[in-house]
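Comments concern the structure below.
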Amino acid sequence: MGHPEHQPTFSGIDPDKLPGTINSLERDKNRLHDSATRFRTRFTRYGLDTRPLDRLIAISRWADGELPLLRRRQRLAVAIGEHGSQRTLIYLPDSAVTPGAAARATAQGRALAQRFDRQMADHDGAVPEALFTALAAGGDDGDFLYGFYSSLGPRRLSQLSNSMSGNPYDRRYPDHPDQLAYDRDVLARTFGGFTRVAADTRPRPGQRAFWSTWFDRFDDPGQGFRPDLLLPLVDSGTYDPDFLVALADRAFTTDPNRSVTPRMPGSPGADDPWHADHYVQLFNALTKNPLAAGQFIALRPDIAVNALYPGGGSTTPDRIAAFTATLKAATITLRASHPTLSDRNTAWLLTTNLAHTQDPALQTTHPYPAVSLLFSEILAQHWDDLQYAITSPAQDAFWPAPTWNPTAFTNSQDPTRDGLELHPTVWKAFMEEAIRDPHAAASMSALFETYSNKLAALTSTAIRSTDESIDFISFKMGLSENFYSSAFGETEKNLGDEAQAWADDMSKIRKDLVLTVVGLAAGGEEGAVEFAKEQGKGYATSLLEGWVGRQVQVPPERAPTDLIEGIKGLKNTRLESTWRSAFATSVGALVGANFTNIPKVKFVVPGEVDKYHSFSGKPYSAGAPDDGPRYITGPADDFVAAIRRNHGQVDTSKMTPQQQGAYSSWLEDPAVVAKLGDDRVYLHIMGQG
């Protein structure tokens, strides 16, 4: 990779990913050396030519010599990335990566640590400014920082922090508060760099064990771990995720002999970081590192549960806000970089909420308003998953989340689909808790409204083989409206005497809500066109893209209102017992006929009126362009085989998650939807067929 100013010597280093490469190279080098040496001994014994093995051994030795230089690059990149621009790839001058450079930098760091140590011992903890200047000067070298903090040690660092918080023998900080802010920033930034190189060669369990031991030594003699002296530094700087997770785990230890609870509260609202609320500082540090936040929530769900609801422990408004921000980082923010962990945490949160709402002893205790609002943000982020749960014919087989079990959750998910597959009851309980907050209720009602507008736009912009092919989209709108009405009605009932004030607040907030923002989340009318384009090109990725029927016996002037209102008018129990079984019966017949009775459907996307896309409804390999998309790619997603093994009966609980996903996607195919319309399935569901 070239660099405009340094070509061709630009070395693009991702300091977060390089340690994994180094560890992998070291393992492979050791394996190569050991295997080649072992075989060379055997070759020598039998008088065979050992030159090929000698070359392999030479390669392993070459790699062994390169590893220190790679570690040097990684540690430089860590520190430079902390102080420089926010580029993902860090430029390193070749002059900084030479044999012996790492050892020299480490020795310089150790020498400075010894000067700190002597100064603190001789002057009651006071450290002259020249030493902080020297530390700042070496702050862009990870090996220097490793040498400095390893030599200084955790106890000396705790004493240094303690002296900065209030040293009666040193008037420099009280007389010059700006100097205190500068020195604290130097410590925070350089110590953050140290955490990213201190245990970088260890596997993850080893890294957390390293920090656990380190915390034991960050103490006052006889007083144990002092998080109140560490968190004022962690409040700023960029820290290693494993360090932050280990720190949070230690702060919330369940071991009474190691408890630090008395040291954590501080003085809420205090400006001095040494006297501030250290719980808030801890949550703020986790929030700034979404990966650490996500790993902590996964590691310690017991702490998260206690922070969701009133009565879970001593708390303050600032702590609630800080924790909610951490939970948002662990779910919403994390999804961009680590979607698997984010979705796992989100599924845990929905499962926890369901268990809480089903416990008679807890049903009157609801999340803090800030948490309810976060629930609504999560629903908006997982909007496709929510609608998939509402409308998928396989929803009965989706994970019902009876209790949190990471293995059961993972096994229930379709690995070929992005997002969550959870039972509608799980989403409904989550939404009911979310919309207790009127701000959340306003945003959710706007989102459902915008979603309906998008479907309406799709019915008016898509060009089909016939003009009567909109009823399935209307059916979809009806299912969504039914879910929405049921959730809001249940919440209004549960609010009792507070319901009118809630409704008034929600209405007022709706007036002030910027609907264009909410509309963007759902795509708006432009989104409908884009979704239609995707379906027209054969990418059946969302229920919004399909469900286009044909030959449905409902006059155009009665749709979509007639079908929407018809679905809304059905009792939940009747609806749940009819629509999926009606689909299953029809699909069983289609499978029995080997799909030969499905007429092809042509579909034109907006802006491409002269270009038709054909759909055949055939779930297997597309043999020609006119066959449309392919839904079954192999045994893993072959839902037809699952139906035939079940004697032609559709039972989604006997399908794998991948087969359930393929089944739902196939039912979106316009030709299949049209066939259901031909067979009057939609009208049968409403009792009109």
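Per our numbering, residue 8 is the first one in the sequence shown, and the count goes up by one each step. Yeah, the Cβ is synthetic: ideal placement off N, Cα and C, and Gly gets one too.
From what residue to what residue does the alpha helix (DSSP H) around Ser157 run? 149-172
Going by CA-CA distance only, name the one from Thr322, Phe250, Ala120 that's closest to Gly213. Phe250
Let me confirm a value: Leu164 is counted as buried when at least 16 other C-beta atoms fall within 10 Å, else exposed. Which label applies? buried
Separation of Ala336 from Thr523, as counted between CA atoms: Low confidence applies here, because Thr523 scores a pLDDT of 32, under 50, leaving its location unreliable and the question unanswered by this model.
For the candidate residues Tyr375, Met484, Ala448, whose alpha-carbon lies nearest to that of Ser514? Ala448
State the CB to CB distance for the pair Pro664 and Asp425, rounded to an integer number of angstroms; the pair is presumed to be in contact (CB under 8 Å). Contact doesn't hold; Cβ gap of about 13 Å is too wide.
Start and end of the alpha helix (DSSP H) containing Ser672? 664-673
Mind checking His430: buried by the 16 CB within 10 Å criterion, or exposed? buried
How about Gly203 and Gly244: do their beta carbons lie closer than 8 Å? Inspection of the sequence shows that residue 203 is occupied by Arg rather than by Gly. Taking 8 Å as the Cβ cut-off, Arg203 and Gly244 do not qualify as a contacting pair.
What number of angstroms, rounded off, separates the C-alpha of Arg209 from the C-alpha of Leu77? 15 Å
Please report the straight-line C-alpha distance between Val698 and Leu674, rounded to a whole angstrom. The displayed coordinates of the chain run from 8 to 696. Any statement about residue 698 would go beyond what the structure contains.
By the three-class DSSP mapping on this structure, what secondary structure does Gly595 have? Under the three-state reduction of DSSP output, Gly595 falls in the helix class.
Tell me the residue span of the alpha helix (DSSP H) that contains Thr358. In the DSSP assignment, Thr358 falls within the unbroken alpha helix (DSSP H) covering 346-365.
Count Cβ pairs between the region 223-236 and the region 148-159 that sit closer than 8 Å; are there 3 or more? no
Hey, would you say Pro407 sits closer than 8 Å to Val433, going by beta carbons? Going by C-beta atoms, Pro407 is nearer than 8 Å to Val433.
Which value, in whole angstroms, describes the spacing of the CA atoms of Leu237 and Ala328? 22 Å
Counting C-beta neighbours from all protein chains within 10 Å, is the total for Glu505 16 or more, i.e. buried, or is it exposed? exposed
Determine the direct distance from the alpha carbon of Ala253 to that of Arg215, and round the result to whole angstroms. 6 Å
Rounded separation between Leu381 and Ala441 - CA only: 8 Å
Please report the distance separating the alpha-carbon of Ile650 from that of Thr372. 44 Å
Run the CB neighbour count on Leu341, radius 10 Å, all protein chains shown included, and call it buried at 16 or more, exposed below. buried
Is it the case that the Cβ atoms of Leu159 and Phe217 are separated by a distance below 8 Å? No, Cβ-Cβ distance for Leu159 and Phe217 is not below 8 Å.
Helix, strand or coil: which one does DSSP assign to Ser399? coil
My parser needs the alpha helix (DSSP H) runs of 4 or more residues fully inside the region 253-297; what are they? Whole alpha helix (DSSP H) segments, 4+ residues: 285-294.
Quick check: what's the CA-CA separation for Gln186 versus Arg326? 29 Å
Quick one, are the C-beta atoms of Asp284 and Thr323 less than 8 Å apart? Yes, these two residues count as a Cβ contact at 8 Å.
Pull up the distance between the alpha-carbon of Val657 and that of Gly599, whole angstroms please. Spanning the two alpha carbons is a distance of roughly 11 Å.
Which stretch, first to last residue, makes up the alpha helix (DSSP H) that contains Asn418? 413-419
Closest to Ala387 by CA distance: which of Leu356, Met438, Phe50 is it? Met438
Please classify Gln230 as buried or exposed, where buried requires at least 16 neighbouring CB atoms within 10 angstroms. Classification of Gln230: exposed, given that the 10 Å Cβ count is below 16.
Report the rounded CA-to-CA distance for Pro239 versus Ser459, giving the unit in angstroms. 49 Å
What's the C-alpha gap between His389 and Gly200? C-alpha separation (whole angstroms): 35 Å.
Below 8 Å on the Cβ atoms is my guess for Gly301 versus His363; work out the distance and round it to an integer in Å. That pair is no contact at about 21 Å.
Using the beta-carbon count (16 or more within 10 Å), is Trp281 buried or exposed? buried
Start-to-end residues for the alpha helix (DSSP H) that takes in Leu381: Here the alpha helix (DSSP H) through Leu381 covers 376-388.
Helix, strand or coil at Asp192 according to DSSP, with G and I counted as helix: helix
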